[in-house]
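In what follows, a single structure is set out as structure tokens and then discussed.
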Amino acid sequence: MKNTNEDKPTNVIPIWDIWIRLFHVSLVIAVGYLLISGETGFAFLDWHKPVGEFVAALVLFRILWGVFGSANARLHTLLKRPSAAFSHLKDLLKKQPHQERGHNAAGGIAVLLILLALSVQAITGMFIADEDEFVEGRFYGLLSSNNSDLLYSVHHFNGHLIQLLVFVHIVMVLVYLLWAKQNLIKPMITGSMLWRGRAEPKSVKFGSVWLGLVLALLTAAAFVWTFYLSV
Ligand code: HEM
Ligand code: HEM
117 MKNTNEDKPT NVIPIWDIWI RLFHVSLVIA VGYLLISGET GFAFLDWHKP VGEFVAALVL
177 FRILWGVFGS ANARLHTLLK RPSAAFSHLK DLLKKQPHQE RGHNAAGGIA VLLILLALSV
237 QAITGMFIAD EDEFVEGRFY GLLSSNNSDL LYSVHHFNGH LIQLLVFVHI VMVLVYLLWA
297 KQNLIKPMIT GSMLWRGRAE PKSVKFGSVW LGLVLALLTA AAFVWTFYLS V
């Protein structure tokens with residue numbers, strides 16, 4: 117359908133591939149649980165370690181997808197100039213953020229920060245244990261106890277940083293929805309967006325579903341393999 121009016125949604129176009137969406141929903145559930153279990157101890161003994169490792173695998177998969185996957189998932193497209201991010205935020209303040217067929221300049225930087233913080237959390241988790249040593253990371257014992265203590269503190273502080281990043285992330289998504297009337301949530305669930313602009317949307321080369329499956333299997337294999345190396 118052709119676009120005729122700037123304000124009227126006239127065109128439904130694909131934006132997020134299935135792997136990004138599966139990655140996101142898995143991350144929401146897993147990180148949501150980890151933040152609660154870390155803070156409250158809820159189901160900590162049985163689940164914090166395996167779910168934490170699952171998040172490590174998710175992030176590794178996302179990095180691979182960010183290298184070989186869809187054009188709008190590529191890691192280098194996430195890192196835009198800070199001036200572009202500020203100008204996007206200024207437009208948001210005026211309730212006129214440009215629609216993007218991917219992450220906007222500010223969102224891209226936020227996504228990179230979240231992925232970085234989750235990597236630090238998952239890696240430090242693998243080298244630490246709780247006070248009673250009921251839960252031990254797969255590489256716990258490889259480092260001196262001083263270094264392990266240091267990583268424990270990093271895990272503690274970075275846990276708070278992740279809480280903050282997730283909070284800001286959710287608030288921003290709601291700001292787009294309620295303030296700028298741009299629904300970013302639906303596209304992250306369905307994979308399609310309503311394109312309102314007069315200009316044609318940017319074309320996006322989507323990665324193959326099968327390539328995603330191969331990368332997911334490779335990530336899983338790497339985790340199983342390093343698990344056996346660590347026991
Ligand atoms: C990205 C994944 C992870 C997230 C988001 C996460 C989150 C958290 C949080 C928020 C805390 C509470 C920190 C505090 O306030 O002291 C915590 C504690 C902890 N986490 Fe993780 N974690 C992750 C991965 C892991 C992994 C893979 C392990 C491996 C076993 C692990 C082991 C621990 C341990 C031992 C504690 C300390 C518990 C205690 O003694 O109170 N975490 N985690
Ligand atoms: C633990 C909680 C969460 C984490 C760790 C998280 C993390 C992320 C990450 C890493 C991305 C980038 C996706 C990619 O390119 O691979 C993203 C995007 C997104 N997330 Fe979340 N998320 C969380 C919760 C939520 C919730 C609760 C919502 C809905 C209210 C949400 C809505 C979105 C949306 C709409 C996008 C796409 C933003 C855009 O269009 O640029 N997220 N999230």
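Add 116 to the 1-based position in the sequence shown for the numbering used here, that's all there is to it.
A virtual CB, placed ideally from N, CA and C, is assigned to each residue, including glycine.
Per DSSP, residue i is paired with what?
i, result
"I129", "M309"
"E83", "Outside the modelled stretch of the chain, which goes from 117 to 347, sits residue 83, for which no answer is possible."
If I follow the unbroken alpha helix (DSSP H) through residue i, where does it start and stop?
i, result
"S203", "P198 to L209"
"G148", "I134 to T156"
"A173", "F160 to F184"
"D268", "The sequence given here places Tyr at residue 268; Asp does not occur at that position. S261 to L294 is the extent of the alpha helix (DSSP H) around Y268."
"Q212", "Neither: Q212 is in no alpha helix (DSSP H) and is coded neither H nor E."
"L228", "A221 to G241"
"L191", "L191 to L194"
Using the Cα positions of residue i and residue j, report the straight-line distance between them to the nearest angstrom.
i, j, result
"G185", "F322", "7 Å"
"E249", "V144", "28 Å"
"L290", "V284", "10 Å"
"L228", "F160", "27 Å"
"K318", "A189", "14 Å"
"L259", "G168", "20 Å"
"I305", "S261", "44 Å"
"I152", "D246", "16 Å"
"N299", "I131", "13 Å"
"F208", "L293", "Correcting the residue identity first, residue 208 is Leu in this sequence and not Phe. Distance between the alpha carbons of L208 and L293: 11 Å."
"L176", "P213", "31 Å"
"A146", "L234", "11 Å"
"G253", "A226", "28 Å"
"I129", "E316", "11 Å"
"W163", "L150", "9 Å"
"L280", "V287", "10 Å"
"L327", "G307", "18 Å"
"H272", "G148", "16 Å"
"K165", "L310", "40 Å"
"Y344", "G257", "16 Å"
"V330", "A238", "23 Å"
"N127", "R312", "7 Å"
Go ahead and pull the three-state DSSP assignment for residue i.
i, result
"W341", "helix"
"K302", "helix"
"A332", "helix"
"V320", "coil"
"L258", "coil"
"A315", "coil"
Item checked: Stretch-stretch touch, CB-based, cutoff 8 Å, three pairs: the segment 320 to 337 with the segment 176 to 184 -> yes
Note to self: Whether or not the segment 224 to 243 and the segment 167 to 176 are in contact is what I'm after, with contact meaning three or more pairs of Cβ atoms, one per stretch, closer than 8 Å; do they touch?
What the structure shows: yes
Checklist line | At least three beta-carbon pairs within less than 8 Å, the segment 326 to 337 to the segment 148 to 156 | finding: no
Margin query: I'd like to know if the segment 131 to 145 and the segment 194 to 202 are in contact, where contact means that at least 3 CB-CB pairs between them fall below 8 Å.
Written below: no
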